[in-house]
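Undergrad:
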Amino acid sequence: MPSNNCYDVTTWPVGDPSEDVGEVINSIIADIKDRQTVTDANNGGKPGAVIYIPPGDYHLRTQVVIDISFLRIEGSGHGFTSSSIRFNVPEDEWPDLHELWPGGSRILVDLPPGGDGEESRGAAFYVERSGSPRISSVEFSNFCIDGLHFTADGSDKHPENTYVNGKTGIYVASANDSFRVNGMGFVYLENALTIYNADALSVHDNFIAECGSCIELRGWGQASKITDNLVGAGFKGHSIYAENHGGLLITANNVFPRGASSVHLNGVTRSSITNNRLHSFYPGMVMLAANSSENLVATNHFLRDHEPWTPFLGVDNGLDDLNGLLCVSGNNNSVIGNHFSQIIDSQSIRPTGATPVVIRLTAGAGNFVSNNHVVAMDVRATSSGSAFEAQVDALLTTEASEGLAVTAVMVDSESARNTILDSGSDAQVIADRAANAFRATPAIGS
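1340 is the number of the first residue of the sequence shown in the working numbering; add one for each residue after it.
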């Protein structure tokens, strides 16, 4: 027997989903609330519902407001394709492209600009409910949220390369439990995913790229995970950001370059950054800031190299090479078994003549840095008008004219009682030997 708790936006009698799928979904949510009013009937009461978005293009001109638990909104394809590549191809070549826009089950965010600066007004999906219990088990699965265009920001950059448009994909404003964002595609949004006060959140197997910021966990939270995602923010934002979280698991993500940071933790404790592939064009790839303590950073692959794509040459995140690829401000963190590849042109180092830093301990005590491997090479930077070919060429090139001198570990005076083992030669580690324990990586022939 068909369930009356399964909806299809293309068959619902209210609104036209191709013109405003937001109106349609809000009408469906209103119907769910009208029908599911009993809180306890036969040890049940409010099972929630599934809203299905078939493959196709659906303009969203009305913000979807979600204030019920146990709601799953699902499609049949995340539909991601690079809008940035297309917008940087000459327009006279567009007729020869196989496709121009993302596809799958695609939401086109056509919300008007907020005007009052309130970030949540630009969100395609806004989730908020007060009272007890917290809103729970809202799921987004297997569809695409497309911000369509970026806008001019007053700089000399092409408007489609600014990462600015005031649009957010999903904005969760209130405390929540057991939310899932799985198999989604996000593209050309200033903020893809913004979630406050999350408990047991799963952000898994999504494609989130060409957005100003990708994943931001704000406020506070616990016991959540960000796993198996393909992620890449713009130069103004974060690929993965979390604040005041405990027990956060960040694992097996492939983080693309160009974001101002790959992973930025602010006041995060007892959490893990493990087994990720992290790629950046700038220093400050992973930041443990604001007394982030008792975290594990282990078996990640860090690659720092140069921007090879012509439209973004000269762009950076404002940090110089003394900042470090991994910067730690906090206590009792473990940095174990990571691989760092610093593949840069020595002529581009800032400040000029400085020795780049790989791991920097800026504040705190009791951090444990062990068995990290640093590869540093001096290469001549090149660029290309083809994003794909330029990036692949850069990734596959391992030849270099000579090694690059680096500081593998730098310990500032504000950080003490740390242990640094087998993570750099005696000359590559700058630390007060009286205030920190140190064992150098053995040299060949020693």
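Even glycine gets a Cβ: it sits at the ideal position worked out from N, Cα and C.
Are Asp1761 and Thr1780 close, meaning C-beta to C-beta below 8 Å?
TA: Yes, Cβ-Cβ distance for Asp1761 and Thr1780 is below 8 Å.
Undergrad: Are the CB atoms of Val1594 and His1577 nearer to each other than 8 Å?
TA: Contact: no.
Undergrad: Closer than 8 Å by C-beta to Thr1566: which residues in its own chain qualify, once you throw out the five before and the five after it? Chain order, please.
TA: Closer than 8 Å at the Cβ level, and outside the excluded window around Thr1566, lie Ser1541, Val1542, His1543, Asp1544, Leu1588, Ile1589, Thr1590, Ala1591, Asn1592.
Undergrad: From Asp1717 to Leu1604, what does the alpha carbon distance come to, in whole angstroms?
TA: If I take the Cα positions, the gap works out to 30 Å.
Undergrad: Rounded to whole angstroms, what is the Cα-Cα separation between Gly1547 and Leu1532?
TA: It is worth fixing the name first, because residue 1547 is Ile in this sequence and not Gly. Rounded to the nearest angstrom, the two C-alpha atoms are 9 Å apart.
Undergrad: Are the CB atoms of Asn1671 and Asn1706 nearer to each other than 8 Å?
TA: Yes, the pair counts as a contact, with Cβ atoms nearer than the cut-off.
Undergrad: Mapping the DSSP letters down to three states, classify Ile1367 as helix, strand or coil.
TA: Three-state DSSP puts Ile1367 in a helix.
Undergrad: Does the stretch 1661-1671 come close enough to the stretch 1697-1711 to have 3 or more Cβ pairs within less than 8 Å?
TA: Yes, the stretch 1661-1671 touches the stretch 1697-1711.
Undergrad: What residues in its chain sit with their C-beta under 6 Å from that of Asn1775, if we drop five residues either side in the sequence?
TA: Same-chain partners within the cutoff: Val1750, Asn1757.
Undergrad: Whole angstroms is fine: what's the gap from Asn1536's alpha carbon to Ala1744's?
TA: Their backbone Cα atoms lie some 43 Å apart in a straight line.
Undergrad: Quick check on DSSP: helix, strand or coil for Asn1530?
TA: Note: Asn1530 maps to strand in three-state DSSP.
Undergrad: Three or more C-beta pairs closer than 8 Å, one from the stretch 1438-1449 and one from the stretch 1391-1411: is that the case here?
TA: Segments in contact, yes.
Undergrad: Let me make sure I understand the geometry here. Which of Val1714, Gly1703, Ala1637, Tyr1510 has the alpha-carbon closest to that of Pro1695?
TA: The shortest Cα separation from Pro1695 among Val1714, Gly1703, Ala1637, Tyr1510 belongs to Val1714.
Undergrad: Should Gly1508 and Leu1528 be called a contact, given that it needs their Cβ atoms to be closer than 8 Å?
TA: For Gly1508 and Leu1528, yes; Cβs fall inside 8 Å.
Undergrad: Within 8 Å of any Cβ in chain B, is that where the Cβ of Glu1358 sits?
TA: Among the chains in the structure shown there is no chain B, since it carries only a single protein chain.
Undergrad: Run through DSSP, which three-state label would Arg1643 get?
TA: Correct three-state label for Arg1643: strand.
Undergrad: Is it buried or exposed, Val1353, if we count other Cβ atoms within 10 angstroms and call 16 or more buried?
TA: Exposed.
Undergrad: For a test of the three-state rule: what should DSSP assign to Val1718, helix, strand or coil?
TA: Three-state DSSP puts Val1718 in coil, outside helix and strand.
Undergrad: How would you label His1787, buried or exposed, when you count the other beta carbons within 10 angstroms and need 16 or more for buried?
TA: Since the first residue of the chain shown is 1340 and the last is 1785, residue 1787 is not available in this structure.
Undergrad: Measure from the alpha carbon of Met1523 to the alpha carbon of each residue in Glu1753, Phe1482, Asp1406, then state which is nearest.
TA: Ranking Glu1753, Phe1482, Asp1406 by Cα distance to Met1523 puts Phe1482 first.
Undergrad: If you check the beta carbons only, do Val1607 and Asn1568 fall under 8 Å apart?
TA: Not a contact, by the Cβ cut-off of 8 Å.
Undergrad: Name the one or two DSSP bridge partners that Met1749 has.
TA: Arg1699, Ile1769.
Undergrad: State the Cα-Cα distance for the pair Gly1763 and Val1748, rounded to the nearest angstrom.
TA: Near 7 Å, if we compare the C-alpha coordinates of Val1748 and Gly1763.
Undergrad: Under the three-state reduction of DSSP, which class applies to Leu1635: helix, strand or coil?
TA: If DSSP states are grouped into helix, strand and coil, Leu1635 belongs with the strands.
Undergrad: State the Cα-Cα distance for the pair Phe1777 and Ile1759, rounded to the nearest angstrom.
TA: Straight-line Cα distance between these residues: approximately 5 Å.
Undergrad: Mind the definition here: the stretch 1368-1375 touches the stretch 1413-1425 only if three or more C-beta pairs lie below 8 Å; say whether that holds.
TA: Taking 8 Å as the limit for Cβ pairs, the verdict is that the stretch 1413-1425 does not touch the stretch 1368-1375.
Undergrad: Short of 6 Å in beta carbon distance, which residues of its chain neighbour Val1636, apart from the five on each side in sequence? Order them along the chain.
TA: Taken in chain order, the residues that qualify are Ile1612, Val1674.
Undergrad: Taking the beta strand (DSSP E) that Ile1424 falls in, what are its first and last residues?
TA: It is not in any beta strand (DSSP E) - Ile1424 instead sits in the alpha helix (DSSP H) that spans 1422-1426.
Undergrad: If you measure between the beta carbons of Ala1463 and Leu1399, is that distance less than 8 Å?
TA: The answer is yes: Cβ separation under 8 Å.
Undergrad: Take Tyr1580 and list the residues in its own chain whose beta-carbon comes closer than 6 Å to its own, dropping the five residues that flank it on each side.
TA: Within the same chain, Tyr1580 has close Cβ partners Glu1555, His1603.
Undergrad: Per DSSP, Asn1670 is paired with what?
TA: Answer is none; Asn1670 lacks a bridge partner.
Undergrad: Distance, Cα to Cα, Phe1409 vs Val1477?
TA: Whole-angstrom Cα-Cα distance: 5 Å.
Undergrad: Could you tell me whether the Cβ atoms of Asn1656 and Phe1525 are closer together than 8 Å?
TA: Cβ atoms of Asn1656 and Phe1525: not closer than 8 Å.
Undergrad: Pro1451 to Ser1632, Cα distance in whole Å?
TA: About 42 Å.
Undergrad: Would you tell me roughly how many angstroms separate the C-alpha atoms of Phe1419 and Asp1359, rounded to the nearest one?
TA: Approximately 21 Å between the Cα atoms of the pair.
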